[in-house]
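Enquirer:
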Amino acid sequence: MVTAAPGEERSSALALVNTRRLGTGGEVDDLADPHAAAQWLQLPATALGADALSRVTDLRAAVRELLAALAEDRSPAAAAVETVNAAARSDAAAPQLTWPGGPRREWHSTSPGSVEEALAALARDAIDVVAGDLGPLVRPCEAHGCVRFFFREHARRRWCSTTCGDRVRAARHQRLVVEQRESPQRGA
Numbered sequence: 079m080v081t082a083a084p085g086e087e088r089s090s091a092l093a094l095v096n097t098r099r100l101g102t103g104g105e106v107d108d109l110a111d112p113h114a115a116a117q118w119l120q121l122p123a124t125a126l127g128a129d130a131l132s133r134v135t136d137l138r139a140a141v142r143e144l145l146a147a148l149a150e151d152r153s154p155a156a157a158a159v160e161t162v163n164a165a166a167r168s169d170a171a172a173p174q175l176t177w178p179g180g181p182r183r184e185w186h187s188t189s190p191g192s193v194e195e196a197l198a199a200l201a202r203d204a205i206d207v208v209a210g211d212l213g214p215l216v217r218p219c220e221a222h223g224c225v226r227f228f229f230r231e232h233a234r235r236r237w238c239s240t241t242c243g244d245r246v247r248a249a250r251h252q253r254l255v256v257e258q259r260e261s262p263q264r265g266a
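If you're matching positions, the sequence shown starts at 79 in the working numbering and goes up one per residue.
1) Among Pro173, Arg138, Pro178 and Trp177, whose alpha-carbon lies nearest the alpha-carbon of Ser187?
2) For the alpha helix (DSSP H) containing Trp118, name the first residue and the last one.
3) Measuring only the C-alpha atoms, how far is Asn270 from Ser168?
4) Take Ala158 and list the residues in its own chain whose beta-carbon comes closer than 7 Å to its own, dropping the five residues that flank it on each side.
5) Along the chain, where does the alpha helix (DSSP H) that runs through Ser90 open and close?
6) Leaving aside the five residues before and after His113 along the sequence, list all residues of the same chain whose C-beta is less than 8 Å from its C-beta, in chain order.
7) Does the contact criterion of 3 or more C-beta pairs under 8 Å hold for the segment 80-87 versus the segment 234-244?
8) Can you tell which of Ala201, Leu175 and Ala196 has the C-alpha that lies nearest to the C-alpha of Thr161?
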């Protein structure tokens, strides 16, 4: 079981980017096939074909580029911006008034339960993250080989999970043990 990176509970776009990660056996992709992607998107298993899966993974790559550009303080590739904008436009949403204890505005899809709704929601969240208050908090995990991003809300946080932090600390410890073992040999 992989732990969520800090911020995934607040941003579906961050969670989308982190569906590709480093596991104990190598790279893991939670969207590797249409069934897995449909499950992750909480859509019926039959909702995603190969074309829709391609659109989901293309959006993931585009959002990853946006987050990387933000973290590296550079402009993202124009194609990534267009992919996110196109996905955000793919499903019309309209404001609806609800009254659970007072007036509240909610946005509802005009095609609920569709791939377009899921992609548009993810793209809109990515836009909100990159252009909003959470943008300055986006950081890539500093653990060697890790490809996940997280929201750095604590100044000392450098890793996306305790697993990555433990891996870095274990590697540092191993390096020190090897250096100490080799040090007496140099003086002899």
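Yeah, the Cβ is synthetic: ideal placement off N, Cα and C, and Gly gets one too.
Keep in mind it's a predicted model, so treat the numbers as computed, not measured.
Expert: With the given structure in hand:
1) Pro173
2) Pro112 to Leu119
3) With the chain represented from 79 up to 266, any question about residue 270 goes unanswered, as that position is not in the structure.
4) Ala140, Glu143 and Leu144
5) Ser90 to Val95
6) Ala123 and Leu126
7) yes
8) Ala201
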